[in-house]
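In my numbering, the protein residues as written are 129 to 834.
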């Protein structure tokens with residue numbers, strides 16, 4: 129009788145999940161973390177026990193954001209399916225003890241292995257690699273104490289067959305590069321600090337015994353990303369010295385991302401001259417000092433380029449068209465273009481031009497026509513002001529790029545020219561624009577009904593039309609051209625910020641509401657929008673953009689008052705898929721109401737709040753952490769005293785660390801002199817992806833690493 133009732137209940141509710149075909153079930157199971165499949169799901173019934181061990185599910189194991197995995201789960205996983213794993217990604221698993229790496233030796237058939245962000249000593253690396261004879265792709269960190277002389281001959285034999293290497297350096301070293309004699313792809317991330325914890329200045333000279341020369345003869349891709357600091361520059365020059373002697377014939381991607389000033393030397397000039405004579409590139413990124421004022425781009429040859437980055441260069445639009453786009457020839461292959469901070473890139477020349485002058489729309493039109501297949505475009509950190517010519521607005525021209533997936537624009541570039549002229553820059557009857565004396569204002573009101581809000585919006589605006597034409601956009605950044613985060617890297621917190629562009633005064637709630645047309649939006653960044661009055665557009669985004677996973681808001685509205693808190697709380701109640709939230713706003717009050725609203729974000733994993741003179745309620749934070757079980761990162765840099773911050777941080781760790789092995793908590797006064805020392809202990813994954821503010825669109829070539 130019970131069986132009959134169960135069958136009738138299944139018939140009334142629809143098809144049983146187990147009645148689906150194996151193909152459909154395998155597709156469904158591909159969205160389940162591998163640890164859950166092997167350790168839990170496969171134990172439910174015989175059919176799932178077979179499917180969960182299918183090669184399509186065990187071939188590639190991704191643990192890089194499985195924050196619930198621990199040492200015991202990894203051990204059991206490797207014991208059960210180790211021989212079936214060909215690709216293993218453990219990047220950023222900073223919480224796992226170094227002994228966890230010992231279990232990787234069970235994966236005898238590994239071809240690709242990513243251990244970036246994991247604790248690996250020289251001896252453990254040697255022992256592990258000695259057993260992985262099929263390995264061809266490797267990513268590791270090189271930390272202080274790394275000793276290449278401890279690598280066994282079997283380990284070096286494995287490394288000699290590796291063709292792809294990603295190496296993150298925290299100490300001056302060649303790492304394992306000299307052992308990799310078959311390298312075709314080399315990715316280097318330089319994260320070496322100029323000073324030790326004791327305050328001693330570090331040198332860029334390599335350790336004794338590390339004078340082996342890297343082997344670049346088969347190199348096809350060279351990528352180097354430098355964190356700020358002179359030591360990183362010194363060390364990367366040692367890696368480049370070998371390239372300057374003999375440029376690999378098959379080199380087709382050469383990329384160096386260096387902040388600030390990275391001067392060109394005789395060796396680097398020889399390298400670039402050799403590249404101009406001997407290779408044809410598909411991807412290029414160089415430090416600004418290597419491009420500015422040189423005729424390099426005129427001599428470099430390109431094959432089928434897919435990525436260009438001229439970030440922070442003084443390259444003019446005339447040079448861009450003549451030397452790079454080359455009249456539109458062979459640029460249909462370009463999918464990613466970074467012109468961030470390239471202030472003259474849309475002007476015919478830069479010699480007598482002011483950064484705030486209008487752009488030349490014909491240059492942008494040539495760019496759009498020539499690079500019609502662009503998927504990632506970054507035009508941030510510059511004043512791209514459109515003229516009054518009809519049909520030539522920046523937004524109108526960009527709307528032709530139907531394949532765009534990610535886009536970064538300065539705030540002043542999206543305003544209607546007529547609106548920027550007619551609309552006064554300030555609204556004195558609402559909120560003061562300066563810090564001055566605080567004025568008490570009532571709770572902001574805004575249209576709760578989307579229909580009413582749409583009626584208030586002038587839907588003929590160029591930005592509204594742009595958002596309507598880019599329906600498949602996944603990442604959008606709208607950042608003030610003069611915005612700088614209050615928390616730069618390796619420096620004290622910035623106390624004062626530059627005023628926004630005058631034209632940005634016309635961008636407010638209605639423009640933010642236009643973003644709600646992006647149904648498939650996954651990541652949104654809004655920074656330095658001074659005319660936000662209520663934040664009503666945020667509610668529209670929360671309701672319409674149901675795929676939103678990452679949200680970063682900074683300096684919205686006037687600096688002296690947080691005017692959008694009520695709207696933000698309403699927005700958060702609808703963000704069920706939100707995983708990362710970053711807020712940077714002076715005087716922000718992280719109180720009980722805010723954390724109660726944030727608790728509706730059931731998928732939230734990482735939270736970062738940066739607020740000069742901001743306040744928080746410790747009890748509210750603890751309640752939030754207890755209710756949001758997925759949160760594994762909580763970073764708050766505010767105006768509270770050091771004692772309050774330390775007590776709250778200790779309480780969170782003590783209460784939740786056992787249940788959340790990946791938990792990382794940093795609560796610290798923003799303007800404290802020891803902030804940089806605290807920052808250096810933050811796991812690189814969190815620091816790079818959320819804690820530090822930066823534009824991420826076209827930051828590096830797509831699919832650079834898996």
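Built from N, CA and C at the ideal position, the CB exists for glycine as well.
- Contact between residue 751 and residue 723 holds, since their C-beta atoms are separated by about 7 Å, short of 8 Å.
- Look at residue 324 here: in three-state DSSP terms it is coil, with no helix or strand label.
- Relative to residue 801, the option among 622, 477, 419 and 346 whose CA is nearest is 622.
- For residue 793, no alpha helix (DSSP H) encloses it; the enclosing beta strand (DSSP E) starts and ends at 792–797.
- Partner residues in the beta bridge of residue 215, as assigned by DSSP, are 188 and 240.
- Non-local C-beta neighbours of residue 596 in its own chain, meaning closer than 7 Å and more than five positions away in sequence, comprise 645, ordered along the chain.
- Judged by DSSP secondary structure, residue 763 falls within the beta strand (DSSP E) whose first and last residues are 761–766.
- Counting along the chain, the unbroken alpha helix (DSSP H) around residue 426 starts and ends at 424–427.
- DSSP lists 678 and 734 as the beta-bridge partner residues of residue 708.
- Under the DSSP definition of a beta bridge, residue 382 partners with 350 and 412.
- For residue 596, the three-state secondary structure derived from DSSP is helix.
- Burial check for residue 155: the Cβ neighbour count within 10 Å stays below 16, so the residue is exposed.
- Straight through space, the alpha carbons of residue 409 and residue 380 are spaced by roughly 4 Å.
- Residue 610 and residue 703 have their C-alpha atoms roughly 29 Å apart.
- Pairing residue 388 with residue 157, the inter-Cα distance amounts to about 46 Å.
- Segment contact: the segment 277–291 against the segment 225–232, fewer than three CB-CB distances shorter than 8 Å; contact not assigned.
- In this chain, the beta strand (DSSP E) harbouring residue 313 covers 313–318.
- As the crow flies, the alpha-carbon of residue 651 is around 10 Å from that of residue 707.
- Note: residue 435 is bridge-paired with 411 and 464 in the DSSP secondary-structure output.
- Rounded to whole angstroms, the Cβ separation of residue 348 and residue 378 is 5 Å, and the two are in contact under 8 Å.
- The beta carbon of residue 541 sits closer than 6 Å to those of 512 and 522, all from its chain and outside the five residues before and after it, given in chain order.
- For residue 250, same chain residues with a beta-carbon under 6 Å away, outside a window of 5 residues either side, are 274, 275 and 278 in chain order.
- Residue state for residue 719 is assigned as coil, using DSSP reduced to three classes.
- Contact between the segment 310–322 and the segment 355–375 is present: three or more C-beta pairs spanning the two stretches fall below 8 Å.
- Annotated three-state conformation of residue 292 is strand, per DSSP.
- Rounded to whole angstroms, the gap between the alpha carbons of residue 658 and residue 632 is 7 Å.
- Judged by DSSP secondary structure, residue 653 falls within the beta strand (DSSP E) whose first and last residues are 651–657.
- A direct Cα-to-Cα measurement between residue 616 and residue 356 gives close to 10 Å.
- When only Cα atoms are considered, residue 747 and residue 600 end up about 41 Å apart.
- Less than 8 Å divides the Cβ of residue 744 from the Cβ of residue 768.
- Residue environment: residue 262 is assigned as exposed (fewer than 16 neighbouring CB atoms within 10 Å of its CB, all protein chains considered).
- Around the CB of residue 828, 16 or more other CB atoms lie within 10 Å, so the residue is classed as buried.
- In this structure, 639 is the residue among 639, 305 and 817 with its C-alpha nearest to the C-alpha of residue 662.
- By the CB criterion at 8 Å, residue 735 and residue 761 fall inside the cutoff.
- In terms of Cβ geometry, residue 673 and residue 709 do not form a close pair [threshold 8 Å].
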